[in-house]
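J.: Residue numbers (the UniProt record's numbering): 1 to 122.
Backbone N, C-alpha and C define an ideal beta-carbon position, used for all residues, glycine too.
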């Protein structure tokens, strides 16, 4: 069997997934693009398992099952994060997500380290 067609298909799927991750602004579509990339990896694993005689039989299929479990966990956690983001911001665009904590507000007035009129040290 010549594995050219499955490998080319997997490369196209993976490339489409990378394009989706880099280009999309909606978080749900980014998760779908990641799933597309994971399915491309599954196709490569199963194709390599059927064409290459490895020391361990069916090792590619076992790794594909692990990737499927990883994808299910990723979707569960990812959708929970996206839903919480939608509840907080009413939008799921990736560009609007702050990546750093906001800086804390500095108290007004001089902080000299001397006690004030009430005896509190500032």
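Apart from the five residues on each side of it in sequence, which residues of its chain come closer than 7 Å, Cβ to Cβ, to residue 24?
T.: Contacts found: 30, 33.
J.: So does the segment 2 to 19 actually touch the segment 72 to 79, counting three or more Cβ pairs closer than 8 Å?
T.: No contact exists between the segment 2 to 19 and the segment 72 to 79.
J.: Would the C-beta of residue 45 count as close to the ligand ATP, meaning under 7 Å from any of its heavy atoms?
T.: Absence of the ligand ATP from the depicted structure is noted, as is the absence of any ligand whatsoever, leaving it without description.
J.: Using beta-carbon positions only, say whether residue 13 and residue 40 come within less than 8 Å of one another.
T.: Cβ distance < 8 Å, so residue 13 and residue 40 count as in contact.
J.: Quick check on this structure: which residue in 38, 43, 26, 18 has the alpha carbon closest to the alpha carbon of residue 8?
T.: Residue 8 has its Cα closest to that of 43, out of 38, 43, 26, 18.
J.: From this set, 20, 50, 26, which residue's C-alpha is nearest residue 36's C-alpha?
T.: Comparing Cα positions, the closest option is 20.
J.: Across which residues does DSSP place residue 26 in a beta bridge pair?
T.: Answer is 93.
J.: Can the beta-carbon of residue 77 be found closer than 8 Å to that of residue 27?
T.: No. Outside cutoff.
J.: Quick check: what's the CA-CA separation for residue 17 versus residue 11?
T.: Their Cα atoms are separated by approximately 10 Å.
J.: Taking its Cβ as the centre, do 16 or more other Cβ atoms sit within 10 Å of residue 100, making it buried, or is it exposed?
T.: That one is exposed.
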